[in-house]
Every structure is written in C-alpha cells, then in structure tokens.
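Numbering (UniProt numbering), first residue to last: 1 to 123.
Inspection log for the structure reproduced underneath, given as structure tokens.
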C-alpha cells in the first residue's frame, strides 16, 4: 500500500515503535492525567465548601424563623400558632357504573389468537 494512503497517526505510531521512543509519550500522558485529577480534586473541595456554607445558612435561617415565630406568638398572647383549617375530602365511589360497563366491554373485545381461539386457550 502506498505511504500516502496510510493515516498519519498510524505512521507516527510505527515510527515510535521502531525507535523505542515510548518514554516521552508516557511522561506527557502522566502529566495530563495528573493535571486533570488535580483540577477535579480542587473542584470537589470547592463544591464541598459551598455545600457546607449552604447547610450552615439554612440551619441558621431555620433557627431564626423559629425564634421569630415564638416571639410573635408570645407577643400576641397565644401559646401555640393556629393551624389552618382543613377541608374534608369528598368521597367518590371507586367503582362507578360507567367504569363497570367499560370493563365488561373490554372483556368481550379481547384480541383473538392465530388459530381463531381466545388467548386464554392458546398454549
């Protein structure tokens, strides 16, 4: 095969293999991997610090809101805050007549197997 038809990476790989120049490329690869791992570690540390700050802020906000709610309730002369009124749920029958009719119709309109028998009879 003519040299011009071969791809450049294959030619480079063959020349490296012939001349035993592996060390240079291994070192470059190690440096790239080390830099990538270091960047990932720094990013993870920064993310962990940000999460710790966020949880600390949320905890302090929760404590502050609880304290303000207690002081507001005591200022009004109430011991406990009032709970909102809950409306009773309306009971709907689970099986209405329409659904029952639909189920019966669906049972009659089953698909038929290859031999013309119902699916329950096909083995």
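For glycine and all other residues, C-beta sits at the position ideal for the given N, C-alpha and C.
All figures in this text were calculated on a predicted structure; none of them were measured in a lab.
- Item | Separation of residue 41 from residue 13, as counted between CA atoms | Mapped onto the chain shown, residue 13 falls at position 13. Mapped onto the chain shown, residue 41 falls at position 41. Each residue's CA atom was taken as its position, placing residue 13 and residue 41 some 33 Å apart.
- Query: Does DSSP put residue 20 in a helix, in a strand, or in coil?
  - Reply: Residue mapping note: residue 20 aligns to position 20 of the chain shown, counting from 1. Correct three-state label for residue 20: coil.
- Message: Measuring only the C-alpha atoms, how far is residue 26 from residue 46?
- Response: Counting from 1 along the chain shown, the entry for residue 26 is found at position 26. Counting from 1 along the chain shown, the entry for residue 46 is found at position 46. One C-alpha to the other measures close to 30 Å.
- Task: With DSSP collapsed to three states, give me the class of residue 7.
- Result: Taking the chain shown and counting its residues from 1, the one referred to as residue 7 is at position 7. In the structure shown, residue 7 falls within a coil segment according to DSSP collapsed to helix, strand and coil.
- Query: When you compare only the Cα positions, how much space is there between residue 66 and residue 53?
  - Reply: Against the chain shown, residue 66 aligns to sequence position 66. Against the chain shown, residue 53 aligns to sequence position 53. Rounded to the nearest whole angstrom, the C-alpha separation of residue 66 and residue 53 is 20 Å.
- Is residue 67 helix, strand or coil when you go by DSSP? On the chain shown, position 67 is the one that residue 67 refers to. Note: residue 67 maps to helix in three-state DSSP.
- Message: In whole angstroms, give me the CA-to-CA distance for residue 68 and residue 60.
- Response: To locate residue 68, count along the chain shown from 1; it is residue 68. To locate residue 60, count along the chain shown from 1; it is residue 60. Taking the straight line joining both Cα atoms gives about 12 Å.
- Backbone CA spacing between residue 7 and residue 57 [nearest angstrom]: As a position in the chain shown, residue 7 is number 7, starting the count at 1. As a position in the chain shown, residue 57 is number 57, starting the count at 1. One Cα belongs to residue 7, the other to residue 57, and the distance between them is close to 58 Å.
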